[in-house]
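What follows is a set of notes on a single structure, which appears directly below.
There are 2 protein chains.
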Amino acid sequence: MDAPRSAERRKSDTLARLERDADAWIATADVAGSAYLLPLSFFWDGIGMIISTPRSSVTARNLGRGARVRVGLGEVRDVTMVDGTAEPVDDKQTKEAFAAKHGWDPRKESGDYVYFRIVPERVQAWREVNELRGRTLMRDGQWLT
Amino acid sequence: MDAPRSAERRKSDTLARLERDADAWIATADVAGSAYLLPLSFFWDGIGMIISTPRSSVTARNLGRGARVRVGLGEVRDVTMVDGTAEPVDDKQTKEAFAAKHGWDPRKESGDYVYFRIVPERVQAWREVNELRGRTLMRDGQWLT
Numbered sequence: 021m022d023a024p025r026s027a028e029r030r031k032s033d034t035l036a037r038l039e040r041d042a043d044a045w046i047a048t049a050d051v052a053g054s055a056y057l058l059p060l061s062f063f064w065d066g067i068g069m070i071i072s073t074p075r076s077s078v079t080a081r082n083l084g085r086g087a088r089v090r091v092g093l094g095e096v097r098d099v100t101m102v103d104g105t106a107e108p109v110d111d112k113q114t115k116e117a118f119a120a121k122h123g124w125d126p127r128k129e130s131g132d133y134v135y136f137r138i139v140p141e142r143v144q145a146w147r148e149v150n151e152l153r154g155r156t157l158m159r160d161g162q163w164l165t
Numbered sequence: 021m022d023a024p025r026s027a028e029r030r031k032s033d034t035l036a037r038l039e040r041d042a043d044a045w046i047a048t049a050d051v052a053g054s055a056y057l058l059p060l061s062f063f064w065d066g067i068g069m070i071i072s073t074p075r076s077s078v079t080a081r082n083l084g085r086g087a088r089v090r091v092g093l094g095e096v097r098d099v100t101m102v103d104g105t106a107e108p109v110d111d112k113q114t115k116e117a118f119a120a121k122h123g124w125d126p127r128k129e130s131g132d133y134v135y136f137r138i139v140p141e142r143v144q145a146w147r148e149v150n151e152l153r154g155r156t157l158m159r160d161g162q163w164l165t
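Listed in order, the protein sequences are those of chains S and R. Taking our numbering, the leading residue of the first sequence gets 21, the next gets one more, and so forth. Taking our numbering, the leading residue of the second sequence gets 21, the next gets one more, and so forth.
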């Protein structure tokens, strides 16, 4: 097990992951309290994680409720967890940036795709058990470091 | 992109993953419809995925509701999704097998750990978009192949 990373290092690792990673696990829930989970492509626009999914999908319906979302990035032994809320996004600049990152443009799909921005309220990052202490990097939308 | 796998191959890949993988993403929800997500170690006992978590944890509280759970295994581009329900487990044999697999025995932790078996009702597996067709391998608890 490596030595635990400093708070600064964890924050920079987390920001690098948000900017570089292509996909994340998106956990949502419906009003009845059933959980849903799917890996989706995302784009970090500096404020939140932009995702795109068909309007009729379970994820879109759940995100449309405005309830809390939880996102897992990375590997199970090098994890970043993001708790946030989702807001609909409909501007051209965001959609262009999403397509540029992924080489995939949901606007060209036959289905009716919608976009959401998942805005982090809490961010946690840890690798092994020795990093559980100090894992919270953002609280109430504010970076702690 | 590789050619899509046959149903038989996806099933054998999925069973191999259930037996071999150490961790999975466990998505649960509370009664208010807020999603929770965490990577946890699991052990496949042939019927379901055995997990262990502190009794006071969000995951344990959500699983105790008996609502639907959704589990993601593998990588975001080689994914297995399991929908199921969780039942409490309290037999010694299961706890021994869990500890033997992981070299980690929750009974030796200071906290009060409980065990659940997540029994699959639906299993889906796909790698890239060309495997979305035929991704459902189990429905209503029955393997389709």
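Cβ atoms here follow ideal geometry from the backbone N, Cα and C, with glycine treated the same way.
key: Residues, ordered as in the chain, of the region 41-55 of chain S that lie near chain R by beta-carbon distance below 8 Å   = Answer in chain order: 42, 43, 44, 45, 47, 48, 49, 50, 51, 52, 53, 54, 55.
task = Using a cut-off of 8 Å between C-beta atoms, extract the partners of residue 109 of chain R located in chain S.
result = Going along chain S, no residue has its Cβ under 8 Å from residue 109 of chain R, so there is no contact; the nearest lies around 20 Å.
query = Can you round the beta-carbon distance between residue 47 of chain S and residue 23 of chain R to whole angstroms, since I take them to be within the 8 Å contact cut?
reply = About 31 Å separates the CB atoms of residue 47 of chain S and residue 23 of chain R; that is not less than 8 Å, and the two are not in contact.
query = Which residues mark the beginning and the end of the beta strand (DSSP E) in which residue 88 of chain S is found?
reply = Taken as a continuous stretch (DSSP letters only), the beta strand (DSSP E) holding residue 88 of chain S covers 88-95.
request  = Note down, in chain order, each residue of its chain lying with its Cβ closer than 7 Å to the Cβ of residue 126 of chain S, except the 5 sequence neighbours on either side.
outcome  = Within its own chain, the residues whose Cβ lies closer than 7 Å to the Cβ of residue 126 of chain S, once the five positions on either side in sequence are excluded, are 72, 133, listed in chain order.
ask   = Ends of the beta strand (DSSP E) at residue 99 of chain R?
value = If you look at residue 99 of chain R, you'll find it in the beta strand (DSSP E) that goes 98-109.
Reference residue 124 of chain R; option with closest CA among R:63, R:150, R:40, R:102 = Selected option, being the one with the closest Cα: R:63.
key: Residue-chain proximity (residue 92 of chain S, chain R), Cβ-Cβ < 8 Å   = Under the Cβ distance rule, residue 92 of chain S counts among the residues neighbouring chain R, one pair being separated by less than 8 Å.
ask   = Along the chain, where does the beta strand (DSSP E) that runs through residue 48 of chain S open and close?
value = Looking at the DSSP string, the run of the beta strand (DSSP E) that includes residue 48 of chain S is 43-49.
query = Within 10 angstroms of its Cβ, does residue 160 of chain R collect 16 or more other Cβ (buried), or is it exposed?
reply = Classification for residue 160 of chain R: exposed.
ask   = At a Cβ cut of 7 Å, what residues of the region 67-79 of chain R count as close to chain S, listed as they run along the chain?
value = Residues passing the 7 Å Cβ filter: none.
key: For residue 145 of chain R, the nearest candidate out of R:116, R:139, R:44, R:93 (CA to CA)   = Sorting R:116, R:139, R:44, R:93 by C-alpha distance to the C-alpha of residue 145 of chain R places R:93 at the top.
key: According to DSSP, residues forming a beta bridge with residue 55 of chain S   = Note: residue 55 of chain S sits in a beta bridge opposite S:49.
ask   = Hey, does residue 120 of chain S have any beta-carbon neighbour from chain R nearer than 8 Å?
value = Not one beta carbon of chain R lies nearer than 8 Å to the beta carbon of residue 120 of chain S.
ask   = Quick one: which chain S residues come within Cβ less than 8 Å of residue 157 of chain R?
value = Taking a Cβ-Cβ threshold of 8 Å, none of the residues of chain S is close to residue 157 of chain R; the smallest such distance is about 17 Å.
request  = Kindly list, in the order they appear in chain R, the residues whose Cβ is closer than 7 Å to that of residue 140 of chain S.
outcome  = Against chain R, a Cβ distance below 7 Å from residue 140 of chain S picks out nothing, because the smallest value is about 14 Å.
query = For residue 148 of chain S, which three-state DSSP category applies?
reply = Assignment of residue 148 of chain S by DSSP, reduced to helix, strand and coil, places it in the coil class.
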